[in-house]
Amino acid sequence: MAKIIIFGAGQIGTAIALDLIEHHSITCVDVNRKALEKITKLNSKIETTTFDLQQEKDYSELTKGFDLVINAVSGFIGFETLKRILIAGKNVVDASFFPENCFDLHHLAKKNDVYAVVDCGVAPGMDNIILGYLDTKMEVTKFECLVGGLPTKRIWPFNFKSLFSPIDVIQEYTRPVRYIENGDIVEKAALSDCELMDIKRVGTLEAFNTDGLRTLIKTMEHVPSMKEKTLRYPGHCEYIQVLRDSGFFSDAPLELKGVEFSPLEVTARILQDNWMLSNNEEEFTVVRTTIEGDENGKNKRYIYRMLDKTEKGFTHSSMARTNGYTATAVATFLMQNRIEPGICAPETFGALDGAYKFVINYLEERGVHYRIEETTLS
1 MAKIIIFGAG QIGTAIALDL IEHHSITCVD VNRKALEKIT KLNSKIETTT FDLQQEKDYS
61 ELTKGFDLVI NAVSGFIGFE TLKRILIAGK NVVDASFFPE NCFDLHHLAK KNDVYAVVDC
121 GVAPGMDNII LGYLDTKMEV TKFECLVGGL PTKRIWPFNF KSLFSPIDVI QEYTRPVRYI
181 ENGDIVEKAA LSDCELMDIK RVGTLEAFNT DGLRTLIKTM EHVPSMKEKT LRYPGHCEYI
241 QVLRDSGFFS DAPLELKGVE FSPLEVTARI LQDNWMLSNN EEEFTVVRTT IEGDENGKNK
301 RYIYRMLDKT EKGFTHSSMA RTNGYTATAV ATFLMQNRIE PGICAPETFG ALDGAYKFVI
361 NYLEERGVHY RIEETTLS
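In the working numbering, the protein residues as written are 1 to 378.
Here it is, written out as structure tokens:
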């Protein structure tokens, strides 16, 4: 039994805690007392600590005696939180999906003789693990990931709900996109190249560019074609473009009647009510990952499909389960296996001996199923 401390008591942090509590000693940390009280009502064995991770700079006492930290805070504070964990000398599984470059912390992690496996979610996360594994078996020439989390019931105008904070989602919609085409890095605006896609067991969705390759730009530079797109119900992309291009996502301060405000903060607050995934609201997570390349002289294609829906009588949303259980799978593997100090991208983790199969089986045991299609093209 390991002692694990989880930073963040949101939906993903809660799913992580409840999954690990049967085999480990778990403590959850958050500034929100109500969120912590909710966790203890779900399982009284989970210990809680009220702590302001954003304001407090030193985590040494907080993390003392723990074997592993799982970072599940919001993305906009994720990088700084991870940095402070590494300074405290603790190993980390990170599921905060911060926008900054994780490799900027590589030297710090090595200096403190600890590791951080980052981007431990669905995508980024599981798609990277799959690519890392297949990259050990074949000469990969193409990688494409389509991913979306959506409500079952469409509600106009956005037809969208999320467990992530609006600020994190807006960053995804505004951050410049990088993808790989013919071996070169191509930069475009987020939401570009919007197209309709027929997704099995779901129907027609729209797919548009988002900056989802993240660590793959550095670690998989030998792959000549790589792209990630976000899936939404048709029409969503245009509404978001209207808001973005009209200045609603700008962080440049404006003044109205002597009061200074940020358009981004006001918009995020309004969208929080519109986009918030309410309790018992049905939703689903859908992923289609396509990887092609040469395997033993044959041109092969692997397609991984995952469709996970809210369970009846559920405790967790699908988005919380699929992201959270990927993080707990990685954490459980690391409790049994040693890895080198430093920043470890999920694709690097996926290339470790036994890691891919361990995670696939772990998710399968928890009802998260990846359907695998293998085709010989020539």
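Glycine residues also receive a C-beta, built at the ideal position from the N, C-alpha and C atoms.
Which complete beta strand (DSSP E) runs does the stretch 293–334 hold, if anything under 3 residues is left out?
DSSP runs (the beta strand (DSSP E)) wholly in the stretch 293–334: 298–309.
Between the C-alpha atoms of R84 and D30, what's the straight-line distance to the nearest angstrom?
Indexing the sequence shown from 1 puts residue 84 at position 84. Indexing the sequence shown from 1 puts residue 30 at position 30. C-alpha separation (whole angstroms): 15 angstroms.
What does the Cβ neighbour count give for G324, buried or exposed, with the cut at 16 atoms within 10 Å?
Stepping through the sequence shown from its first residue, residue 324 is reached at position 324. It is buried - the Cβ of G324 has at least 16 other Cβ atoms within 10 Å.
Between the CA atoms of G367 and R301 - distance to the nearest angstrom:
Taking the sequence shown and counting its residues from 1, the one referred to as residue 301 is at position 301. Taking the sequence shown and counting its residues from 1, the one referred to as residue 367 is at position 367. Their Cα atoms are separated by approximately 25 angstroms.
Would you call the stretch 85–96 and the stretch 104–123 in contact, with 3 or more CB pairs under 8 angstroms?
yes
Is DSSP giving K229 helix, strand or coil here?
Locating residue 229 in the sequence shown gives position 229, where the first residue counts as 1. Correct three-state label for K229: strand.
Just verifying my parser: in three-state terms, what is the DSSP assignment at P346?
Sequence index remark: in the sequence shown, residue 346 carries index 346 (1-based). Note: P346 maps to helix in three-state DSSP.
To the nearest angstrom, how far is the alpha carbon of N279 from that of T215?
On the sequence shown, residue 279 is found 279 positions in, with the first residue counted as 1. On the sequence shown, residue 215 is found 215 positions in, with the first residue counted as 1. Cα to Cα, the separation comes out at about 33 angstroms.
Pick from P124, M220, E195, D294: whose alpha carbon is nearest that of I185?
Here residue 185 refers to the residue found at position 185 of the sequence shown. Minimum Cα distance to I185 is reached at M220.
Run of the beta strand (DSSP E) containing N209, from where it starts to where it stops:
Walking along the sequence shown from the start, residue 209 turns up at place 209. That run of the beta strand (DSSP E) goes 203–209.
Nearest to Y304 by CA position, among E56, L352, E365, I199, is which residue?
Taking the first residue of the sequence shown as 1, we reach residue 304 at position 304. For the residues E56, L352, E365, I199, the minimum Cα distance to Y304 belongs to I199.
Is L196 buried or exposed, if buried means 16 or more other CB atoms sit within 10 Å of its CB?
Here the question's residue 196 lines up with position 196 in the sequence shown. By the beta-carbon neighbour count (other beta carbons within 10 angstroms, threshold 16), L196 is exposed.
If you measure between the beta carbons of L163 and K229, is that distance less than 7 angstroms?
Here residue 163 refers to the residue found at position 163 when the sequence shown is read from its first residue. Here residue 229 refers to the residue found at position 229 when the sequence shown is read from its first residue. No. Outside cutoff.
Tell me, please, which residues DSSP counts as bridged to A454.
Absent from the structure is residue 454, since the part of the chain shown begins at 1 and ends at 378.
In this structure, does DSSP put T49 in helix, strand or coil?
Taking the first residue of the sequence shown as position 1, residue 49 is located at position 49. Of the three classes helix, strand and coil, the one that applies to T49 here is strand, per DSSP.
What does a CB cutoff of less than 6 angstroms around T14 pick up in its chain, not counting 5 residues either side in sequence?
Sequence index remark: in the sequence shown, residue 14 carries index 14 (1-based). Hits under 6 angstroms: I39.
According to the neighbour-count rule (16 or more other Cβ atoms, all chains shown, within 10 Å of its Cβ), is R425 buried or exposed?
The requested residue 425 does not occur in the structure, where the chain is confined to residues 1 to 378.
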